[in-house]
Structures are given as C-alpha cells and as structure tokens.
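Residue numbers (the numbering used here): 5 to 466.
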C-alpha cells in the first residue's frame, strides 16, 4: 500500500507572520504551540520550554517582538512563577551598588536595557534560565543553588557588556564596569557565546578595548577552556583575533605603552612580539615599519625578534619584508633557536615556495650567511641540499652557493654513514654543467662512496 500523505504544512513565512501578529493577543504557551504546527504530534506534546524542548532549538527564528514580550513577562511574573532569568534580573535591580544604577535610576528603563541585551542570547543555554519548574526544583533540592543564581546574575551583566561592545558604546561600557565586575570581561558568556574581551578584539574599536584594558589586572585571571578554544592559556588570544581580523585600531590600543602610566598592569612586550612576527607572516610591511619604530622602547636586544620575523617572511615568500629586514635590522642570519632550529638558509631550501626560492637565497647570502653552515636538525650542507633539489633555478642556486664560498668537497654524516660528495650527486643525475662547475671550484676527483674509492676524470664531455 502506498504510504499515507503527510499532513499539510504551512509555509514558514506565513507561520512566522501569524505568530508575529499574535504576540500581543495570545498567551505565551499558545504561541509556542502555534510554532509547532509543522511538527509531528509527539513534538506538540513537548512544547514546554526546557532543556528537552523543541522550542530552544528554534529560539533564534522567533521574531524579536515575541522574544521581548516573553522576557518581559518572565521578569514581571517573578513573584508568581520565578525562573533563573527573572531571579538574576531582580538580583541586579535590587543591588543598591549595581553598576546599572549609574546608567539610569529608572527601573523600567533598566529592565528594557536588560531585555535589549538578552535578545541575541544563545538558545541552548537560555533554556535553563527560562524554565520555572527547573528553577523551583533546584531551589528545593540543591543546597548550593545560591552560587548558580550568582553565576546567572553575572551572565546577565556580561550580556549587557556584550551589547555595549556590539554597539561600540564605550561610555555605556565604562558605566557598567565596577569593582564587582572586575573579572567579567575575561569570563566566558554562556548566553552570548563570547568572551567580552575577545568580542572587543574582533568587532570593537580602540576606545572599547582601552576601556577593558584599563580596568583591573585582568592578565593574571584564569579563563576556563582558554587553551582548548584559543590555543593559548594566557592573554594572547584576543590579540591574535585582532590580528586575524585586521583590526589595527585595537592592535594600536593594545600596544599603547601609555596605559601603564594610567594604572593598567598589562605589559605590552609579549603582545608586541606576537604582532611583529604575525605581521611578518602575513607580509604587512607598513605595520612592521610602524612597530619597528617602537621596538627601542623595550631595549636594544631585538635581534631574536628580527631573526624570527625574517624566517617567517622567508617561509611565506614575502620578498619585500625579507629585503626590508636585510637592509634595516641587524641580526645573525645563521643563528638557530628552539623555534627555528635550521637557520634561515635551510628554511629557504625547505619551506620557501619555488617561485621565490632563488631570490630568497640570494638575499640571505648577500646578508652574510655561511654557505657551509650545518645544523643538527638538518642533514647535509646547503650545497648538498641544492644538488638534490629539482627546479628551473637549480643551477642558479648552485652558482650562488659556489660564488659565495661553498665548499664543493664538504660532506656531513647521515646517521652512521657519511653522505655522498656533492660531485657524486651531480654525476649520478647526469648534470654535466653542474659537474663542470664543481670541478672549476676545486671539487676533488677522488671521492669515497660506500667504502669504495671513485676516481672521476674530465673527459671530452667535461
């Protein structure tokens, strides 16, 4: 038998239009039931707003007038049917020292500000704030529920801060900050799905970021799940977000040393290094020049920073940045660090795109690189690495190395065995021109390969 036809469904646009006009007429439960017209029957039976309700997953699609009315009814009916949201709002309104009182003393206006901030709330977590039965059950069975209420009040305050950041209202944000909210802007928001500090780095202005940075010693505050979410368990995360978003206004504010004299305990040296290296990584020469003028404020030992930026620019083939660092900065191109254990020359061989490799190697050698320098992290000499590579610029790179003093007989060990001589690499590949160049620069005709002595003579082809 053919399967029965599904029940007729209203177009979503028509259904939402009906709900929008019914906001001021129908009671809240009926509106939620109306939203479930297009669902199966067993979903209609579960129309109560709770963790397991279908409603919480569709909260984002509700019209804003419905959300505002629902929030207001929940707050106004606190004495009759309290919930987590109404309890948090009344805790804020009844607090004589609450920062919201500095904004306005009108209670209705305060409620309206809270409702405006709660409209974009994150629905899966919002369900626990709006469920009256859950609130009642927890109060009766959970001895430490007072701490949960305090946490929910803090979350509502964070939503007010997020609203100010979204609107870039630094004056309003400053009014919201007080001693009790010293750690709130480095606290995760369940309702807004943001850290206020990170949202300011992503969407805010310099004035917004300065307002947050000037308030308290927040850099030592522990941020839950910071390492998991932002790959850094310290205050570097927001700065990285500002770099990724290209928010220069926030970056300049973050690196403003004058904050220290105005009472902030944040020190910008770590942030300065992060920004400098990241700007070299993305090839923003204008920002690098701007930062380099400020480097003298942190002392004269900027050689490691310039070297790391130099290597990152090589990896990402930013020729202009590499050339500028070669002409401006003073550093040893042959040094090795924990993060960069193979120096700049081998970095160009192994990590630089082929299209820019010749130019990079040329600038490195002109800047004083040793063409015979070896590193524990890399096997072979630069000349051996060049002879094993493929590409149109191979002969030109070998010429550069030999011109700058590369030893055609230098060999290094690979494990317990010595690597082949450069001459053998060229000979086995049949590269006559390279063999001729190696002979011209003094390559030894007698080489040892796997305990055998190989004698090479120059014939007519050589």
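Heads up, the beta-carbon is just placed ideally off N, CA and C, and yes, glycines get one too.
Quantities reported herein were computed from a predicted structural model and do not represent experimental measurements.
Open item on the list: Could you check whether residue 354 and residue 311 sit closer than 7 Å to each other, using their CB atoms as the reference points?
Closed with: In this structure, residue 311 keeps its C-beta atom at 7 Å or more from the C-beta atom of residue 354.
Task: residue 203 versus residue 197 - alpha carbon distance - done: 10 Å
Open item on the list: Contact defined as beta carbons within less than 8 Å: I believe residue 78 pairs with residue 87. What is the distance between those atoms, to the nearest angstrom?
Closed with: That pair is a contact at about 6 Å.
TODO: Express the C-alpha separation of residue 149 and residue 105 in angstroms, rounding to a whole number.
DONE: 26 Å
Task: Span of the alpha helix (DSSP H), counted from its first residue to its last, around residue 251 - done: Here residue 251 belongs to no alpha helix (DSSP H), and DSSP marks it neither H nor E.
Open item on the list: Give the list of continuous alpha helix (DSSP H) stretches no shorter than 4 residues that lie fully inside the segment 381-428.
Closed with: 386-392 and 398-407
Task: Residue range of the unbroken alpha helix (DSSP H) whose run includes residue 293 - done: Segment 289-296, the alpha helix (DSSP H) holding residue 293.
Open item on the list: What does the alpha-carbon distance come out to for the pair residue 215 and residue 172?
Closed with: 11 Å
Task: Three-state secondary structure (DSSP) of residue 340 - done: coil
TODO: For residue 153, I'd like the list of residues in its chain whose CB is within less than 6 Å of its CB, leaving aside the five on either flank, ordered along the chain.
DONE: Take residue 153, set aside five residues on each side of it, and the residues of its chain with a beta-carbon closer than 6 Å to its own are 91, in chain order.
TODO: Give me the Cα-Cα distance between residue 436 and residue 410, rounded to the nearest whole angstrom.
DONE: Roughly 19 Å between the two C-alpha positions.
Task: residue 447 vs residue 427 beta-carbon contact at 7 Å - done: yes
Task: Between the CA atoms of residue 441 and residue 281 - distance to the nearest angstrom - done: Cα atoms of residue 281 and residue 441: separation of roughly 39 Å, rounded to the nearest angstrom.
TODO: Can you say whether residue 111 is buried or exposed, counting buried as having 16 or more other CB atoms within 10 angstroms of its CB?
DONE: exposed
Task: Boundaries (first-last residue) of the alpha helix (DSSP H) holding residue 219 - done: Membership of residue 219 in any alpha helix (DSSP H) is not indicated, and neither H nor E is assigned to it by DSSP.
- [ ] Note down the Cα distance separating residue 49 from residue 85, rounded to an integer number of angstroms.
- [x] Only weak support exists for where residue 49 lies, its pLDDT of 37 falling under 50; the value from the coordinates is given anyway. If you take the alpha carbons of residue 49 and residue 85, they lie about 21 Å apart.
- [ ] Classify residue 359 as helix, strand or coil using the three-state DSSP reduction.
- [x] In the structure shown, residue 359 sits in a helix (DSSP, three-state: H, G or I).
TODO: Using only alpha-carbon positions, find the residue among 212, 430, 325 and 291 that is nearest to residue 178.
DONE: 212
- [ ] Kindly list the residues whose CB is nearer than 7 Å to the CB of residue 289, restricted to its own chain and excluding five residues on each side of it in sequence; keep chain order.
- [x] Same-chain partners within the cutoff: 324, 325 and 328.
Task: Proximal residues to residue 143 (C-beta, below 6 Å), its chain only, five neighbours per side dropped - done: 149
TODO: Determine the DSSP secondary structure at residue 435, reduced to helix, strand or coil.
DONE: coil
Task: Straight-line gap, residue 405 to residue 425 (C-alpha atoms, nearest Å) - done: Distance from the CA of residue 405 to the CA of residue 425, rounded to the nearest whole angstrom, comes to 15 Å.
Open item on the list: Tell me which residues share the same chain as residue 115 and place their Cβ nearer than 8 Å to its Cβ, disregarding the 5 neighbours each side in the sequence.
Closed with: 76, 79, 93 and 97
Task: CA-to-CA distance, residue 368 to residue 387, given in whole angstroms - done: 14 Å
TODO: Taking residue 170 as part of the alpha helix (DSSP H), name the residues at either end of that continuous run.
DONE: For residue 170, the enclosing alpha helix (DSSP H) starts and ends at 149-170.
Open item on the list: Excluding the 5 residues flanking residue 444 on each side, which residues of the same chain have their C-beta closer than 6 Å to its C-beta?
Closed with: If we look at residue 444 and ignore the five residues flanking it on each side, it has no Cβ neighbours.
Open item on the list: My output table needs one value for residue 347: the three-state DSSP class, helix, strand or coil.
Closed with: helix
- [ ] Please classify residue 443: does DSSP put it in a helix, a strand, or coil?
- [x] Reduced to three states, the DSSP call for residue 443 is helix.
- [ ] Quick one: residues in its chain with C-beta nearer than 6 Å to the C-beta of residue 345, no 5 flanking neighbours on either side, listed in chain order?
- [x] 381
Task: Other residues of its chain near residue 373: CB distance less than 7 Å, five sequence neighbours each side excluded - done: 337, 338, 348 and 349
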